[in-house]
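Enquirer:
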Amino acid sequence: MSAKLEGKVAIVTGAASGLGLATARRFAREGARVVCADVDEQAAARLAGELAAEGSRAIAVAVDVTREQDVRRMVETTAQAFGGVDVLVANAGIAGVGSVETTSRETWDRVLAVNLTGVWLCNRAVVPAMRARGGGSVINQASIAGLVGFSGIAPYAAAKAGVIGLTRQAAVEYAATGIRFNAVCPGTVVTPLVVRTYEERGGIATGARQSLDDALRANAARIPMQRFGTPEDVASMVAFLASAEAAWITGAVFPVDGGYTAA
Ligand SMILES: NC(=O)c1ccc[n+]([C@@H]2O[C@H](COP(=O)([O-])OP(=O)(O)OC[C@H]3O[C@@H](n4cnc5c(N)ncnc54)[C@H](O)[C@@H]3O)[C@@H](O)[C@H]2O)c1
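For the sequence shown, the numbering used here begins at 423 and goes up steadily by one.
1. Taking the Cβ atom as the reference point for each residue, do Ala581 and Val533 lie within a distance shorter than 7 Å?
2. Using the Cβ count rule (16 or more neighbours within 10 Å means buried), how would you classify Thr599?
3. Please classify Thr628 as buried or exposed, where buried requires at least 16 other C-beta atoms within 10 Å of its C-beta.
4. Anyone know if the C-beta pair for Val656 and Ile575 falls short of 7 Å?
5. Out of Tyr596, Val594, Val456, which one is the CA nearest neighbour of Ala438?
6. So which of Ala459, Ser565, Pro646, Gly471 has the shortest CA-CA distance to Asp486?
7. How is the alpha helix (DSSP H) around Arg644 delimited, first residue to last?
8. Any heavy atom of ligand 1 within a distance shorter than 6 Å of the CB on Gln563?
9. Taking the Cβ atom as the reference point for each residue, do Ile561 and Val660 lie within a distance shorter than 7 Å?
10. Would you kindly work out how many angstroms separate the C-alpha atoms of Arg620 and Asn604, rounded to a whole number?
11. Any chance you could list the alpha helix (DSSP H) runs of at least 4 consecutive residues sitting entirely within the region 456-518, in chain order?
12. Taking its Cβ as the centre, do 16 or more other Cβ atoms sit within 10 Å of Gly540, making it buried, or is it exposed?
13. Comparing C-alpha positions only, which one of Pro677, Ala432, Ala501 sits nearest to Ala564?
14. Measure the Cβ-Cβ separation of Leu510 and Val461 and say whether it is below 7 Å.
15. Distance, Cα to Cα, Val497 vs Ala514?
16. Closest by CA to Tyr578, which one among Asp635, Gly558, Leu538?
17. Would you kindly check if the distance between the Cβ of Ala535 and the Cβ of Thr500 is under 7 Å?
18. Using 10 angstroms around the beta-carbon of Arg602, count the other beta-carbons present and answer buried if the total reaches 16, otherwise exposed.
19. Would you kindly work out how many angstroms separate the C-alpha atoms of Gly651 and Arg555, rounded to a whole number?
20. Shortest alpha-carbon distance to Ala454 belongs to which of Pro653, Gly477, Glu463, Ile516?
21. Is Thr610 near ligand 1, in the sense that its beta carbon is under 6 Å from a heavy atom of that ligand?
22. Let me check one thing: in DSSP terms, what residues is Arg602 bridge-paired to?
23. Kindly give me the distance between the Cβ atoms of Gly440 and Leu615, rounded to whole angstroms, as I take these residues to be in contact under 8 Å.
24. In the DSSP assignment, find the unbroken beta strand (DSSP E) run with Ala579 in it and report its ends.
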């Protein structure tokens, strides 16, 4: 395999699970030095150990993306370990279930804090380090829920639309510095976040496998390509945007959704 990211230093937030995990693994295979950043410290450390055992250079950093001091430390630790930052994948996120009327203030604040403010804090923190390198690539994990409406995920959708707006704004603001900002909008990929969303939104009891599978099957049938995505489907797009192949792409928003938003 060609090593698209040879020598690049990449921070992946939310690297301990799902799309972030697949992205961190893919980046390591593409030659990047990977910072596995997650609030789940043990799982991040396990992943970094796994990548290191396969011959990649990887470290784990414990971070809650809503905490400014954690985010600052994540970037400092990266610079100390690897000499700078070339790529940020702002991927950490949580489920956010509730309609406009039923969402509690507490849920709204928490989902916006992680899924939007957390992305902004991470974007802000890497800019000086990337500017010092003469450029970089920031990939913000948005969602098709930031592009089209779904019922029952109001705070999540609002945060994801916010991520898209932030990405475009930053792209224009920093274009001349060589720092590129793009957003990826995955359709459904079955991860712990999606299982939680289905259970909470559909009133499915935790662990009720049959009801969950029925609900998932019904939704997969609405996707033109007739299947959910895989974490690797999304990681491929993220790796492309991180690489020099995407050198003239900034401020763009990419659905990776099996045709869902085209229908
Ligand atoms: N899975 C999907 O279908 C889908 C679709 C569209 C967008 N997304 C987005 O992709 C991203 C990853 O989602 P996933 O499906 O892989 O979820 P996941 O639950 O499998 O993984 C999310 C990771 O983020 C970490 N995390 C949560 N809060 C954090 C915090 N405050 N600070 C640091 N880390 C934190 C978790 O510990 C976990 O490792 C999210 O932003 C999500 O909204 C997912």
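Ideal Cβ placement from N, Cα and C applies to all residues, glycine included.
No experiment lies behind these values; they were computed from the predicted model shown.
Expert: In brief:
1. Locating residue 581 in the sequence shown gives position 159, counting from the first residue. Locating residue 533 in the sequence shown gives position 111, counting from the first residue. By the CB criterion at 7 Å, Ala581 and Val533 fall inside the cutoff.
2. Residue numbering aside, residue 599 sits at position 177 when the sequence shown is read from its first letter. Classification of Thr599: exposed, given that the 10 Å Cβ count is below 16.
3. Locating residue 628 in the sequence shown gives position 206, where the first residue counts as 1. The C-beta of Thr628 has fewer than 16 other C-beta atoms within 10 Å across all chains shown, which makes the residue exposed.
4. Counting from 1 along the sequence shown, the entry for residue 656 is found at position 234. Counting from 1 along the sequence shown, the entry for residue 575 is found at position 153. The answer is no: Cβ separation not under 7 Å.
5. If you number the sequence shown from 1, residue 438 lands on position 16. The shortest Cα separation from Ala438 among Tyr596, Val594, Val456 belongs to Val456.
6. Your numbering for residue 486 matches position 64 in the sequence shown. For the residues Ala459, Ser565, Pro646, Gly471, the minimum Cα distance to Asp486 belongs to Ala459.
7. Position 222 of the sequence shown holds residue 644. If you look at Arg644, you'll find it isn't in any alpha helix (DSSP H); DSSP assigns it neither H nor E.
8. Numbered from 1 along the sequence shown, position 141 holds the residue referred to as residue 563. Yes.
9. In the sequence shown, the residue the question calls residue 561 occupies position 139. In the sequence shown, the residue the question calls residue 660 occupies position 238. With contacts defined by Cβ atoms closer than 7 Å, Ile561 and Val660 form a contacting pair.
10. By 1-based counting over the sequence shown, the position of residue 620 is 198. By 1-based counting over the sequence shown, the position of residue 604 is 182. Correcting the residue type first, residue 620 is Tyr in the shown sequence and not Arg. When rounded, the distance between both Cα atoms is 28 Å.
11. As far as the region 456-518 is concerned, its whole alpha helix (DSSP H) runs of at least 4 residues are 463-475, 490-504.
12. Within the sequence shown, the letter at position 118 stands for residue 540. Classification for Gly540: buried.
13. Reading the sequence shown from its first residue, position 142 is the one you call residue 564. Nearest C-alpha to Ala564 among Pro677, Ala432, Ala501: Pro677.
14. Within the sequence shown, the letter at position 88 stands for residue 510. Within the sequence shown, the letter at position 39 stands for residue 461. For the pair Leu510 and Val461, the CB atoms are not nearer than the 7 Å cut-off.
15. The sequence position of residue 497 within the sequence shown is 75, counting from 1. The sequence position of residue 514 within the sequence shown is 92, counting from 1. The straight-line gap from Cα to Cα measures roughly 15 Å.
16. The residue given as residue 578 occupies position 156 in the sequence shown. When only C-alpha atoms are compared, the closest one is Leu538.
17. Reading the sequence shown from its first residue, position 78 is the one you call residue 500. Reading the sequence shown from its first residue, position 113 is the one you call residue 535. Judged by beta-carbon spacing, Ala535 lies beyond the 7 Å limit of Thr500, meaning their Cβ atoms are not closer than that value.
18. Here residue 602 corresponds to residue number 180 of the sequence shown, with the count starting at 1. Arg602 should be labelled buried.
19. The residue you call residue 651 lines up with position 229 of the sequence shown. The residue you call residue 555 lines up with position 133 of the sequence shown. Cα-Cα distance, rounded: 34 Å.
20. Position 32 of the sequence shown, counted from the first residue, corresponds to residue 454. In this structure, Gly477 is the residue among Pro653, Gly477, Glu463, Ile516 with its C-alpha nearest to the C-alpha of Ala454.
21. Taking the sequence shown and counting its residues from 1, the one referred to as residue 610 is at position 188. Because some heavy atom of ligand 1 lies under 6 Å away, the Cβ of Thr610 counts as near it: yes.
22. Counting from one through the sequence shown, the residue named residue 602 turns up at place 180. Ser559.
23. Counting from 1 along the sequence shown, the entry for residue 440 is found at position 18. Counting from 1 along the sequence shown, the entry for residue 615 is found at position 193. The distance from the Cβ of Gly440 to that of Leu615 is about 6 Å, consistent with a contact at the 8 Å cut-off.
24. Working through the sequence shown from its first residue, we reach residue 579 at position 157. It is not in any beta strand (DSSP E) - Ala579 instead sits in the alpha helix (DSSP H) that spans 576-596.
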